[in-house]
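Trainee:
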Ligand SMILES: NC(=O)c1ccc[n+]([C@@H]2O[C@H](COP(=O)([O-])OP(=O)(O)OC[C@H]3O[C@@H](n4cnc5c(N)ncnc54)[C@H](O)[C@@H]3O)[C@@H](O)[C@H]2O)c1
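Here's what the structure looks like:
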């Protein structure tokens, strides 16, 4: 019977709670020690999961004997320093996106990971999505191009309000332009997919709408990019007119057909001209594809900890995503 892998979790807000729920019945990964800078987050977590143990500080958690890995679900500002502390203790790190907005610190950290051959990955939930695998088969570097030549990619995002209702309890950072906003929080997942399939994207033009208060995150973004020669269009907005809390769609148009990701894990594929060469992927409801992706993500995490090959994005890939996001947010139209 393979060993249990003990996990420490730092950051017990919205995402930390989601990960605790996912880990609850996993046969290998066992949430063990927890820490949050807010005492109330720590105590409510211990109430919900009495089997967990609370550390006295992040440093104390990281130094607990018997830990195999650290999961970091704080806001971005603490991601890099907590990762270094975990590496010092010999732990594998699974960190939430966005990696950071401090690029110099990220580059130092990536150099260390490469130099010391450390185990580190960032949680882009679409990394394990059947939709991404389908796109790679259709348009990735090794693809046989069953849908012909890729002509254009379109990303559309809409939110009735920001933050979304399920993240209403998150800290103020999420609604502020220094670290939060829908581009870093949501668009980053689709830029990850784009760049995993096509390689680095170049921002050609970007127009960002900000509220006049000088503090709040963007309410609109329209941009044009190019990735591996393919034009990419982005349109995102926060407006009550959107009518639903969270709408997203990523559309890939090719000469012989199209693939669409919708509402995160939803996937559909259409072939022009009635040809029936299958892509070999599942058509299905978003929910079952989501469950499949989440289960697979935990298996990838086990592989990361055990030093086996895995498909989770590393810190360098996550930084490349963030560089595109920050370029979008700072570019002039
Ligand atoms: N992968 C995904 O799909 C996904 C979804 C939502 C959020 N996220 C990411 O997860 C991270 C957390 O987001 P959230 O929505 O849970 O935020 P949140 O504000 O709800 O929770 C963050 C928690 O971290 C704690 N914290 C802050 N600084 C800390 C520190 N230095 N040490 C210990 N605890 C600290 C806060 O007290 C809070 O409880 C962000 O990076 C966010 O972008 C990822």
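Residue numbers (full-length UniProt numbering): 1 to 333.
Every residue gets a Cβ at the ideal spot worked out from N, C-alpha and C, and that includes glycine.
Checking the sheet assignment: what are the DSSP bridge partners for residue 94?
Mentor: Paired residue(s): 71 and 121.
Trainee: If the criterion is Cβ atoms closer than 8 Å, does the pair residue 76 and residue 100 meet it?
Mentor: Closer than 8 Å, so yes.
Trainee: Quick one: does the C-beta of residue 164 sit closer than 7 Å to a heavy atom of ligand 3?
Mentor: Ligand 3 is absent from the structure shown, which contains only ligand 1.
Trainee: Less than 7 Å separating the Cβ of residue 156 from some heavy atom of ligand 1?
Mentor: Residue 156 Cβ: outside cutoff for every heavy atom of ligand 1.
Trainee: Out of 13, 64, 55 and 119, state which residue places its alpha-carbon closest to the alpha-carbon of residue 84.
Mentor: The residue with the shortest Cα to Cα distance from residue 84 is 119.
Trainee: Please report the residue range of the beta strand (DSSP E) in which residue 34 lies.
Mentor: Taken as a continuous stretch (DSSP letters only), the beta strand (DSSP E) holding residue 34 covers 29-35.
Trainee: Check whether the Cβ atoms of residue 183 and residue 135 sit closer than 8 Å, and answer yes or no.
Mentor: No, these two residues do not count as a Cβ contact at 8 Å.
Trainee: Ordered along the chain, which non-local residues of its own chain (more than five positions away) have a Cβ less than 8 Å from that of residue 187?
Mentor: Once the five neighbours on either side are set aside, the close Cβ partners of residue 187 are 155, 157, 221, 234, 236, 325 and 328.
Trainee: Taking the beta carbon of residue 12 as the centre, do at least 16 other beta carbons fall within 10 Å, making it buried, or is it exposed?
Mentor: Answer is buried; the Cβ neighbour count reaches 16.
Trainee: Which same chain residues, not among the five before or five after residue 296, have their C-beta less than 7 Å away from its C-beta?
Mentor: Cβ within range, chain order: 128.
Trainee: Apart from the five residues just before and just after residue 210, which ones in its own chain have a Cβ nearer than 6 Å to its Cβ?
Mentor: Cβ neighbours of residue 210 beyond the five flanking positions: 218.
Trainee: Taking the alpha-carbon positions, what's the residue 195 to residue 165 distance?
Mentor: The straight-line gap from Cα to Cα measures roughly 29 Å.
Trainee: Around the Cβ of residue 215, are there at least 16 other Cβ atoms within 10 angstroms (buried) or fewer (exposed)?
Mentor: The residue in question, residue 215, is exposed, as its Cβ has fewer than 16 Cβ neighbours within 10 Å.
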